[in-house]
Structures are given as C-alpha cells and as structure tokens.
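J.: Protein chains in written order, with the working numbering: chain L, 32 to 836; chain U, 6 to 296. The beta carbon of each residue, even a glycine, is placed where N, CA and C say it ideally should be. Since the model is a prediction, treat every value here as computed from it, not as a measurement. The structure that follows is given in the form of structure tokens.
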C-alpha cells in the first residue's frame, strides 16, 4: 500500500519541480506563452458541440483558441469547458469529417457557446482541411488508444457484407483473434474476458452473434468506437487488457430520419425522430438475420423445423431538460436462436439498459450519473423425449456510477467519481424431464458479489511541452453469500478429498473481500509541433473471470467471481511511444512498445470439468502471463486515399507452475498463449475515386496460432493412448487474406432526401484456404496427415444495399 | 456433461459448414517425432495368482497403428519387485514383452517395480503402498430397458450393482475390474479386463452401493466377476487422465490435450521417463451369475 502513496507523492512533487524549473524561453517559438505575467480575470466558455444536420453531439471535437495556443476536446457527452483570460477571441472548432467552424467571441463573463458543425462528406471535391494545426495525435496525453469512426468502419470490406465493429478493431495494431469467426478479441496478449466491452456504458458480457462470426452491434445505431489498449484512464476498471467503449447514436433532434440496409445475412432499419425539436428524440433500431427463412421453403419437414437466426433491438431516448440537465435512456436486447427440430435447442443473448443524467453544476463542473443493467444468459436443451432437459446459466449486473469532470483551468482538468456494481452469477441449473439416477434437477449455487470503485484522474499541463496524466483507482470486491464454501487442507492440492470443513454463509454475508489501488500514469512530452513522446504505466485489477477451457470461447462459458480460492487477476503495463506527423499532418506515424505482466490468471487442470461443477476451484489453476511487443502504425486519416498500415511484433506467454505436479502446465515453463502471434500486418485503404464511387481494400497477414501436436502413441490396457509432449509447441500455417469492396452511391441530388448506396464486396479475394485449426481424427489409424479445417474455402462475394433518409 | 460440450461443438462446426468451410489434408510427418519411450503396464495385488507386467515402446504418432499387440514389445528386460523389507520378487518373460510372477503382495507393504532393459537402462516405479480394500458385501444383477438417445428403440441391459463394507478410511481410492465369461473360472486381472473408477465413490467409506457396469444382455455370457481394488491417489489421477483425454478433434472449441504421466522414471536420466503405470492394490473379488 505504502508504495502507491509514495508514487502519488513523487508525482505531485515532480509536477511542482518541473513547473518551477521550466523557463519560458525554452518553449518553442511556435507557441504562445500559456500564461501572461499579469493574468487578467479568467472566464469560462462551455457548451456542447453538435452535428448541425441531426443534433448528435460530437465526441472528441477540438475547441481551440489559436491566439492563446489553448484548446480542449469535448468529452463523451459532447461537452467542453475552456477557461481563458478576458478578451476577444476567435474560437475554432474542428472534427474529422466536418468543416471547421470559426466563431468570434468577446469574453467578458462566463459564456455558453453551442457549436453546430456541418459534415464535409457531401462536399468531397473540396480539399479537406489540411491546415490542421491542432493535432490530437501529437498533443493528446493518451496513448495506446484507437478510435474508429463509423465512417471508417463502414468503408472497410466486410465478411458477407456485414459491417462489424469487432472485426474492424481486429485490424488495429495490438489486437488479434484466435481465428476466423471466433468470439471476442485479444488485446496485447490479454484473454477475451480481459476486455471491458461497454455499450452506452453498460457492460456487454458476450459480444458475439453466430458463435463469433458477427458482433452484436448494429452499425446503424453505433456512433463512436474507442479502444483503450493500455494506459486505461482511471474512470474505467474491472478488466486487465482493454476497454472497448461503444456509444450509440442519440437520435435525430432536428427531423425524422432513418437508415438501413439489406444484406445477404441480415437486414437492418434504424428510425430516429425528434419528439420535441432540438430538445428530445427517440431512436429505434432493429436487425435480424434471415438465413433460417430459407429453411422454411425446404420440402424436408425436419429441415423446416430447424432454426438459426439472430436479432438485435436498440433504442435510445434523449431529452434536454434545460441547458444544465440532459437525460438519456438507452437499451439493447439481442439473441441468437438455434434449433435442430425437436432434438436440440440453444439460444443466448444480452440485455443492456442505461439511464444517464448529465448535469452541469457550473460551467466548470460536469457530472454524469448513470444506472445500468446488464444480463447475459444462455439456455440449451432437448425439448422432447426421454432425454429431455433444459439448462440455463448466465450473469446479471446492476451498476450505479457518478463521473465528474472539473475543468479547473485550461491547464488542469480533474476527473473523479465512484461506481458500484452488484453481480449475480447463475453458473448453471439443469432440469431433466425424467429422473436420471433419481435426480430431476441439478443446480450450481448462484454467486453474488459487489464491486466498488472510486477514482480520480488529473490531466495536468505543466507547460506546452509536458503534460502529465495521473490518477489512481481504488477498487474493492466482496463475494457474498448465500453459499457453501469449502476450506482445503493447507499444503495440499485443492481436491475433494482434501476438504477440511465446509461453511455455510448466510444471505449477503461477506465471504471474501479483495481490494487494492490501481495507479495510472501518463506523460506526454511534445518535442515540437509534429513530434511527441509518450509514456504510460497502468495497473488493472479484474475480479470476475470467464471460465473457458477451449482455445476460443463458446457461448456456454460461464462467468465466475473471485472468491476465497480464486484471487483477482492483476496486470501491470508500461508503454512507451513515439508519435510523428509529417507532410502537413497528412500522415500520422506512431510507434509503441509495451510490456505487460499479469498475475493470478485463471488456468485449468488437465481434463478439467467446468460445466455444472459445484466446486470449480478444484479444477482451476493460477498462472502468470507476460506479453510484450512493438506496434507500428502509419495512418492517413483524410484525403481521397485514406487508411492505415500497421505492423505488430508481439509475444504472449503463460506460465502455470503450482506447488504440485498436477498444478503445472508444460512442466511449469512459459508456453505460448493460444492467441500468441509473432507477426501481424494489416493494411486498410479506401480510395474515393469519384463523388459516387469508392474502392476499399483490406489485407491481413499474421503468424499462425499455436497448437498442440500429438507426437507419440502407445498401448495401455488395450487402448491406444496419445502422448503430447508440450502444450502449444507447434503452429498452424500463417494466415493471410485480401478483401475488396466497391461502394457506389446513388445519384443523390442535394435536395433529395433518400440516399442509397450499393456495396459489392469480395472477402478472401484469392481464395486462400486459411487454416482455422489442425486436428487429428484420433481413430488410431495411420496418421501421416492431419486434417486442416478452413472456415472459408473460397472467395466470399456479397452485395448490400444501404439507404438513409 | 462432456456430451453437451460435444453437441455444442458439433453445432458450431455444422454452422461453419454452412459457411463454405472445407478441410484439406495437412502433412505433419516432419513435425511428429518418434520418442521411442518405454511403456509399462502392470498390476501387483495381494491375490494369490499370477501377476503380469507388460513392457512395450511408443510409436511415432504418424506410424500406422498396429492391431492389438502389434506395438513394439520390450524383450530381454530384467523385471523385479522389491518391498520395504528388502524382499525381491523376480519376473520371468513368458512371451515377448510379457513378464510374469506367481508371487503376490501383502496389504500394508510398499512395493517398487524395477526394470533393467536389455540395453542396460534402469527404470523404477515410485514406491506404491498396498492399501486395504473393503470386502464386496453384495453383487447383484438387475435388468432394464434403456432408451437409445435420439432413437425410438430401447435396449435391454444387465446392470451389475455392488455393495461394500464401509472402511472409514479417508483418502482411499478404488478401482473396479470386471469381466464376463461363460465359465465361473476367470483368469487373473490382465489387460483384457474392463476397468472403471467412479469419481467420488467410496471415498471415506461414505458410499455403500452403486451401479458398477452395464452389459448389453447377451445370453452367451453367463458369469461376471468383479474385483474391487484399492489404488493410490496418483494411480487414480492417471486413470482419470486416461479416460478424460477424450477427443481433441474439434479445433478451437475443444479443450487442450493433456499429457499423461505415470509413475516410472529412469534412475539416471530425468528426461527418459517411461509412460504407463505400475499399480499396487489390495483386492477383493466376487462373481455373479446372469439369468
């Protein structure tokens, strides 16, 4: 504990020392001094930045006063606050994809300034802002962050034409996946459960449709996607490796509008309407896949009874009560449904709901209070016959939080807040229609837990070159009854036969508490207008774990709380980055190196039985992990030709070295994690050939993932037994793929409301049969060959029609 | 519940198949190596009968799998069992790779298997204690019609149930061997016997009786003999690993394959351990007649 206070103290001290010692003349001539000798009285300009056409607030738009060299960016609710001395200024507001907005103000008192910006997308012929003097890439303290606009995501060629948020972020450096069509993503060597996926601040526990081929986010209702791969701000917590913050559109407050698309896999429609113009609006969106509808046409009755579809429903209501209060309500509901006639059915899905209240205490103090509900559950069963059963499991959480931002002055912003989450875990209950060995139902005891956190984070601009971002998050976790908890013999492995005693905990009685500090630190040193160096350190704690013993997660995996036997996972990550812009800020280059050390990772004993296990701790092992790598990215965010090239060189390893032989994997040595890929190269490019025609291409290349090869076989007790010498010591062949798409916009006249576009795409253009897995039939026959399974055997063409009105 | 997992995995793979999935042969010949390890299979009990140790060698995974006893056998080895009182029981090789003794053990003694191969390498087992085993109180047969999953037919099965004395010993592990035949005379336990362990059964003597085995009702098999045997924790883990190695052929949705380690080491080379297990058991047997 003491260590952290010391770090905090040193940070504070450092701040003052640097502030005191930086002479003004050292600052580059490009900058105006950030404070004058006789400061006049300061006033605050604050307000919202919105899209002029639909009233959506813009996240991360820059508000800048060039004559002072001062600026700020809007927060996730579109709010900004900038405090400057009294005077007359030209305020410039800029945002990618929008025309710069310049407004003159005379600042003699605190002033509200609402800025409404026009998109540039309709005027592509004109040269898009190259004179972008303010450059977030260089100036922002935050590093290891990737932002994708929906425009970028939509322009990337998509599998079967389904625009997909998760598949798009996999094209970013440091993000990988086990294989085509697997659930989730891996960030800088982190497991799939180490990503905090938020949809309008609600936790999403499983982001996949169709076992991971598609994600649950309807592209028409998503507005903004931001991925933190490291240096996670103190306001976020609860996962080790990343935060994927997805914000839904608010709904058009200006006019009734809609958007949608008809594709091969699914169709979607989003409707937005003002309820009271400029004050409140409602958004409703839906999406459904319809491959199963073709099954209904089959002459085969058994086939007609099969079901296989997914759907999503999104809604959002937003209401501006007055200029200091805004209210939002948003919801998501989605499910996957599979059924094989009367033989088997399986469904899973998420529910997420958020109520938010934005409140301005003053022009300098912004508050957001949110209440969230999340639910993930699955059910499967055999509906009929003597083997009929039904099985349900899932996780629910209720969260309440308050985040505040205090714009103290133009050099100092303080974020602080509190959060509490109540989790309810249902690890599984099963009901049989007829008694099996005299049992009609089985149920694993549900778990309950409370996770609480408080944090502060300050962004402190010491001078024009140096900005610090430091903060700390304190989190505490309580696993609570009602539950039976075992105590195992000390110095012996956790096995049924080593149970010393079992204690019954009453309802809400605290079984185990974990707590700790999570310091976060970021430093930006701006060398000049187009070069900066950034450094960060962050500790993250994760109290809930996805129990999954397969290489890629399956929808039946369950979440588990930390308890007396399973401690929280902890990760420490340091990163160093160099950021460079050139050719008048047309190109952005970034290079980051990171090292991440992880403790208490959950691993599994050989042959572990995880489903419906009352005493999961007997099957779990505790391991360590390390991940390190280099990420390079060259990005051209704007222009006729835009896109990026990224390369990641990375290593991810795990080690399980327990006290007993049964608690070791690979004899206690480091071994490559399932998603360890040494090289990962991605190219994403879009070329706007004419006003109506654009062409996009994706190319990916990565090292094949590791797998375990059987190396010998022998006979024991008349059985052929296979011998595996070590886990993950071989690799499947390297993966590479090229995708192309062409988007053809309709001859939209400016006054015409209906806008349509055709998207033609080719996925896996040169028909490479990329290995998904290598497997062995294990039938004891001659095995000179293994079988390579490829999900895609050839090129996959698709056509989608998108429209908006 | 393992079956549920397989069903899900099959459902996933099936849905992939709809998405133009395909398979190709993938040569692994150069990746797989022939470890040529020694494999030991043997049991030693307190029953007055012959005891057998089988010695063989591993084959490369890619080699054609021989039928039955076609794995390379280890001939010309010197095999003995020593106990904690300094007694030595020698084994004789009666057929290639099969080593037999008429000697038997005593409950409470600790036994070590020693092997010197013809090329002079010395292997030995970890010392294994012969633990007490409760007597079989009752062995019964009943008949039931079992539904066959996903089919509308049933199958008549003979269910062998077993009842035992309560031993009240903590950390006791048991295994059962059983075999059916036309005569009430059975040979000693060898690799032709069926075996099972039931997790959680008879631990601390808590369980009194349970269904041991199901036989499809076959009139030609008139007798079933059951051995109830005590085994060490390590042996229990070994047999559990053998049965749970399971199928690892469904790619990313299968669990990682597990190496199975036994209790035989090379006395001079840590890396040259042998595979397989030498079990030491107290046994108690009973025979039941099928109707």
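(1) Is the Cβ-Cβ distance between residue 363 of chain L and residue 383 of chain L less than 7 angstroms?
(2) Using a cut-off of 8 angstroms between C-beta atoms, extract the partners of residue 40 of chain U located in chain L.
(3) Buried or exposed: which applies to residue 619 of chain L, given that a residue is buried once 16 or more other Cβ atoms fall within 10 Å of its Cβ?
(4) Name the two residues that bound the continuous alpha helix (DSSP H) containing residue 182 of chain L.
(5) Are the Cβ atoms of residue 356 of chain L and residue 390 of chain L separated by less than 7 angstroms?
(6) Determine the direct distance from the alpha carbon of residue 29 of chain U to that of residue 553 of chain L, and round the result to whole angstroms.
(7) To the nearest angstrom, how far is it from the Cα of residue 684 of chain L to the Cα of residue 306 of chain L?
(8) Less than 7 angstroms between the beta carbons of residue 604 of chain L and residue 261 of chain L, yes or no?
(9) Spatial neighbours of residue 117 of chain L within its chain, please: C-beta separation below 8 angstroms, excluding the five flanking residues on both sides.
(10) In this structure, how does DSSP classify residue 66 of chain L when only helix, strand and coil are distinguished?
(11) Could you list which residues in chain L have their beta carbon closer than 7 angstroms to that of residue 242 of chain U, in chain order?
(12) Might you give, ordered along the chain, the residues of its own chain that have their beta carbon closer than 6 angstroms to the beta carbon of residue 201 of chain U, omitting 5 neighbours on each side?
(13) Label residue 36 of chain L either buried or exposed according to how many other C-beta atoms from any shown protein chain fall within 10 Å of its C-beta, with 16 as the threshold for buried.
(14) Is residue 826 of chain L helix, strand or coil when you go by DSSP?
(15) Given the structure, does residue 104 of chain U come close to the ligand NAD, in the sense that its CB is under 6 angstroms from one of the ligand's heavy atoms?
(16) Could you check the C-alpha separation between residue 66 of chain U and residue 696 of chain L for me, to the nearest Å?
(17) Confirm, please, whether the CB-CB distance from residue 343 of chain L to residue 247 of chain L is below 7 angstroms.
(18) So is residue 52 of chain L buried or exposed if we call it buried at 16+ other beta carbons inside 10 Å?
(19) When burial is assigned at 16 or more other CB atoms within 10 Å of the CB, is residue 724 of chain L buried or exposed?
(20) 7 angstroms is my cut-off, CB to CB: does residue 219 of chain U come that close to chain L?
(21) Shorter than 7 angstroms from the beta carbon of residue 163 of chain U to some beta carbon of chain L?
(22) Residue 647 of chain L by DSSP, collapsed to three states: which one?
(23) With 8 angstroms as the limit, tell me which residues of the region 637-660 of chain L have their beta carbon closer than that to any beta carbon of chain U; keep them in chain order.
(24) My assumption, with CB atoms under 8 angstroms, is that residue 56 of chain U sits in contact with residue 109 of chain U. Please give the rounded CB distance.
(25) Suppose the cutoff is 6 angstroms on Cβ atoms and the five residues either side in sequence are ignored; what does the same chain contact list for residue 471 of chain L look like?
(26) Since residue 747 of chain L is in the beta strand (DSSP E), which residue starts that stretch and which ends it?
(27) If you draw a straight line from the C-alpha of residue 246 of chain U to the C-alpha of residue 416 of chain L, how long is it?
(28) What does the alpha-carbon distance come out to for the pair residue 237 of chain L and residue 280 of chain U?
(29) Compare the C-beta of residue 192 of chain L against all C-beta atoms of chain U and say whether one is closer than 7 angstroms.
(30) Counting only C-beta atoms, is residue 226 of chain L closer than 7 angstroms to chain U at any point?
(31) Would you kindly check if the distance between the Cβ of residue 287 of chain L and the Cβ of residue 304 of chain L is under 7 angstroms?
(32) Pair every Cβ in the region 774-787 of chain L with every Cβ in the region 739-752 of chain L, then say whether three or more of these pairs are closer than 8 angstroms.
(33) State the start and end residues of the unbroken alpha helix (DSSP H) segment that holds residue 199 of chain L.
(34) Less than 7 angstroms between the beta carbons of residue 796 of chain L and residue 769 of chain L, yes or no?
(35) Using DSSP with H/G/I as helix, E/B as strand and the rest coil, what is residue 281 of chain U?
(36) In the DSSP assignment, the alpha helix (DSSP H) including residue 296 of chain U goes from what residue to what residue?
T.: In brief:
(1) The residue given as residue 363 of chain L occupies position 332 in the first chain. The residue given as residue 383 of chain L occupies position 352 in the first chain. Cβ atoms of residue 363 of chain L and residue 383 of chain L: closer than 7 angstroms.
(2) Position 35 of the second chain, counting from 1, holds the residue named residue 40 of chain U. Within 8 angstroms Cβ-Cβ: 742, 743, 754 and 756.
(3) As a first step, residue 619 of chain L is located in the first chain; it is residue number 588 there, counting from the start. Burial is judged here by how many other beta carbons sit within 10 angstroms of a residue's own beta carbon; residue 619 of chain L has at least 16 and is buried.
(4) If you number the first chain from 1, residue 182 of chain L lands on position 151. Element bounds for residue 182 of chain L: 181-186.
(5) Here the question's residue 356 of chain L lines up with position 325 in the first chain. Here the question's residue 390 of chain L lines up with position 359 in the first chain. Cβ atoms of residue 356 of chain L and residue 390 of chain L: closer than 7 angstroms.
(6) As a position in the first chain, residue 553 of chain L is number 522, starting the count at 1. As a position in the second chain, residue 29 of chain U is number 24, starting the count at 1. Residue 553 of chain L and residue 29 of chain U have their C-alpha atoms roughly 49 angstroms apart.
(7) Stepping through the first chain from its first residue, residue 684 of chain L is reached at position 653. Stepping through the first chain from its first residue, residue 306 of chain L is reached at position 275. When rounded, the separation of the alpha-carbon atoms in residue 684 of chain L and residue 306 of chain L is 54 angstroms.
(8) Mapped onto the first chain, residue 604 of chain L falls at position 573. Mapped onto the first chain, residue 261 of chain L falls at position 230. For residue 604 of chain L and residue 261 of chain L, yes; Cβs fall inside 7 angstroms.
(9) On the first chain, position 86 is the one that residue 117 of chain L refers to. Here residue 117 of chain L has 71, 72, 73, 74, 138 and 139 as same chain residues with Cβ atoms under 8 angstroms from its own Cβ, once five neighbours each way along the sequence are excluded.
(10) For the purposes of this step, residue 66 of chain L is taken as the residue at position 35 of the first chain. Residue confidence for residue 66 of chain L is low, a pLDDT of 45 falling below 50, so the modelled location carries little weight and cannot support an answer.
(11) What you label residue 242 of chain U is simply residue 237 of the second chain in a count that begins at 1. Ordered by position in chain L, the residues that pass the 7 angstroms Cβ test against residue 242 of chain U are 693.
(12) By one-based count along the second chain, residue 201 of chain U stands at place 196. Hits under 6 angstroms: 181.
(13) For the purposes of this step, residue 36 of chain L is taken as residue 5 along the first chain, with counting starting at 1. Here the model assigns residue 36 of chain L a pLDDT of 44, short of 50, so the residue's position is not dependable, and the following value carries that caveat. Residue 36 of chain L sits exposed, since fewer than 16 C-beta atoms from the chains shown fall within 10 Å of its C-beta.
(14) The count along the first chain starts at 1 and reaches residue 826 of chain L at position 795. Secondary structure at residue 826 of chain L: coil, using DSSP grouped into helix, strand and coil.
(15) Among the components modelled here there is no ligand, and therefore nothing to report on the ligand NAD.
(16) If you number the second chain from 1, residue 66 of chain U lands on position 61. If you number the first chain from 1, residue 696 of chain L lands on position 665. If you take the alpha carbons of residue 66 of chain U and residue 696 of chain L, they lie about 21 angstroms apart.
(17) For this step, residue 247 of chain L is matched to residue 216 along the first chain. For this step, residue 343 of chain L is matched to residue 312 along the first chain. Less than 7 angstroms divides the Cβ of residue 247 of chain L from the Cβ of residue 343 of chain L.
(18) Here residue 52 of chain L refers to the residue found at position 21 when the first chain is read from its first residue. Its pLDDT being 38, under 50, residue 52 of chain L is placed unreliably by the model, and nothing is read from it.
(19) Mapped onto the first chain, residue 724 of chain L falls at position 693. So residue 724 of chain L counts as exposed.
(20) Translated into the one-based positions of the second chain, residue 219 of chain U becomes position 214. Taking Cβ atoms only, chain L never reaches closer than 7 angstroms to residue 219 of chain U, which makes this a no.
(21) Start at 1 with the first residue of the second chain, and residue 163 of chain U comes out as number 158. Chain L contact via Cβ: absent.
(22) Counting from one through the first chain, the residue named residue 647 of chain L turns up at place 616. In this structure, residue 647 of chain L counts as helix in the three-state DSSP scheme.
(23) Only 637, 638, 639, 640, 642 and 643 from the region 637-660 of chain L bring a Cβ to less than 8 angstroms from some Cβ of chain U.
(24) Working through the second chain from its first residue, we reach residue 56 of chain U at position 51. Working through the second chain from its first residue, we reach residue 109 of chain U at position 104. Yes, residue 56 of chain U and residue 109 of chain U are in contact; Cβ-Cβ is about 7 angstroms, under 8 angstroms.
(25) The count along the first chain starts at 1 and reaches residue 471 of chain L at position 440. Take residue 471 of chain L, set aside five residues on each side of it, and the residues of its chain with a beta-carbon closer than 6 angstroms to its own are 463, in chain order.
(26) In the first chain, the residue the question calls residue 747 of chain L occupies position 716. Where residue 747 of chain L is concerned, the enclosing beta strand (DSSP E) stretches over 741-747.
(27) As a first step, residue 246 of chain U must be located in the second chain, where it is residue number 241. As a first step, residue 416 of chain L must be located in the first chain, where it is residue number 385. Cα-Cα distance, rounded: 33 angstroms.
(28) Taking the first chain and counting its residues from 1, the one referred to as residue 237 of chain L is at position 206. Taking the second chain and counting its residues from 1, the one referred to as residue 280 of chain U is at position 275. When rounded, the distance between both Cα atoms is 41 angstroms.
(29) By 1-based counting over the first chain, the position of residue 192 of chain L is 161. Residue contact check for residue 192 of chain L against chain U: no CB pair falls below 7 angstroms.
(30) Mapped onto the first chain, residue 226 of chain L falls at position 195. Nearest CB-CB separation between residue 226 of chain L and chain U: not below the 7 angstroms threshold.
(31) To locate residue 304 of chain L, count along the first chain from 1; it is residue 273. To locate residue 287 of chain L, count along the first chain from 1; it is residue 256. Contact: yes.
(32) No, the region 774-787 of chain L is not in contact with the region 739-752 of chain L.
(33) Here residue 199 of chain L refers to the residue found at position 168 of the first chain. For residue 199 of chain L, the enclosing alpha helix (DSSP H) covers residues 196-200.
(34) Position 765 of the first chain, counted from the start, is the residue given in the question as residue 796 of chain L. Position 738 of the first chain, counted from the start, is the residue given in the question as residue 769 of chain L. Going by C-beta atoms, residue 796 of chain L is nearer than 7 angstroms to residue 769 of chain L.
(35) Stepping through the second chain from its first residue, residue 281 of chain U is reached at position 276. The answer is strand: DSSP assigns residue 281 of chain U an E or B state.
(36) As a first step, residue 296 of chain U is located in the second chain; it is residue number 291 there, counting from the start. Residue 296 of chain U -> no alpha helix (DSSP H), and no H or E assigned at all.
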